[in-house]
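Numbering (this note's numbering), first residue to last: 826 to 1000.
Note sheet for the following structure.
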Ligand code: SF4
Ligand code: SF4
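Okay, here's the thing in structure tokens:
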């Protein structure tokens, strides 16, 4: 019968020789292969103690940026949600009230802004669609969890904190 691939091998049922039936040569050969791996570079690392350096263009958890004065940039225009191929973004818009100028840069803002990290494919299209430079993907990893609800990231996890600003300019320049 014609072989389906050129990787097929003919297997013979010949009797084992005395040496072959002792299995020692095969065991020693196997041990030599194992020992040789002790001297080769390991493919694994001891995560999380040791962490690999990410590529400069790595796209991880999003950040909702604030302006220089600390007001939220997002105006809840919805363009990021429309651009998102995974339908991972939802938001509820609200009108800025008098006295909230320091909190929100424009008259409209996102009262609720959520990203479902289980849906997100970290494509970066939300970042590209945003006309207000409000959303960026950072080099932070989305933390694992056993609970699905932990992957719905709201403003508490997304908005940049005032005392720990995230510099996205370096990452942007590496494209
Ligand atoms: S990175 Fe892509 S998939 Fe994730 S929220 Fe943004 S547009 Fe949607
Ligand atoms: S992040 Fe940008 S695109 Fe998305 S709603 Fe806010 S301003 Fe609009």
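Just so it is clear, CB atoms sit at the ideal spot from N, CA and C, and this is done for glycine as well.
Here the structure is a predicted model, which is why all the values come from computation and not from measurement.
Any non-hydrogen atom of ligand 2 closer than 6 Å to residue i Cβ
{"i": "residue 919", "result": "no"}
{"i": "residue 950", "result": "no"}
{"i": "residue 909", "result": "no"}
Nearest-angstrom beta carbon gap, residue j and residue i [assumed within contact, 8 Å]
{"i": "residue 929", "j": "residue 896", "result": "6 Å"}
{"i": "residue 894", "j": "residue 927", "result": "7 Å"}
{"i": "residue 889", "j": "residue 984", "result": "5 Å"}
Reduced DSSP category for residue i - H, G, I as helix; E, B as strand; rest coil
{"i": "residue 993", "result": "coil"}
{"i": "residue 852", "result": "helix"}
{"i": "residue 864", "result": "coil"}
{"i": "residue 947", "result": "coil"}
{"i": "residue 845", "result": "helix"}
{"i": "residue 980", "result": "helix"}
{"i": "residue 870", "result": "coil"}
{"i": "residue 974", "result": "helix"}
Neighbourhood of residue i by C-beta distance below 6 Å, restricted to the same chain and skipping five residues each side
{"i": "residue 967", "result": "886, 942"}
Near ligand 1: residue i beta-carbon under 6 Å from a heavy atom
{"i": "residue 977", "result": "no"}
{"i": "residue 945", "result": "yes"}
{"i": "residue 940", "result": "yes"}
{"i": "residue 991", "result": "no"}
{"i": "residue 913", "result": "yes"}
Beta-carbon proximity list for residue i, same chain, < 7 Å, skipping 5 on both sides
{"i": "residue 920", "result": "932, 933"}
Cβ-heavy atom distance, residue i to ligand 4, below 6 Å
{"i": "residue 896", "result": "As far as ligands go, the structure on display features ligand 1 and ligand 2 and does not contain ligand 4."}
Problem - Ranges of the beta strand (DSSP E) found wholly within the region 876-929, counting only runs of at least 3 - result: 887-889, 914-920
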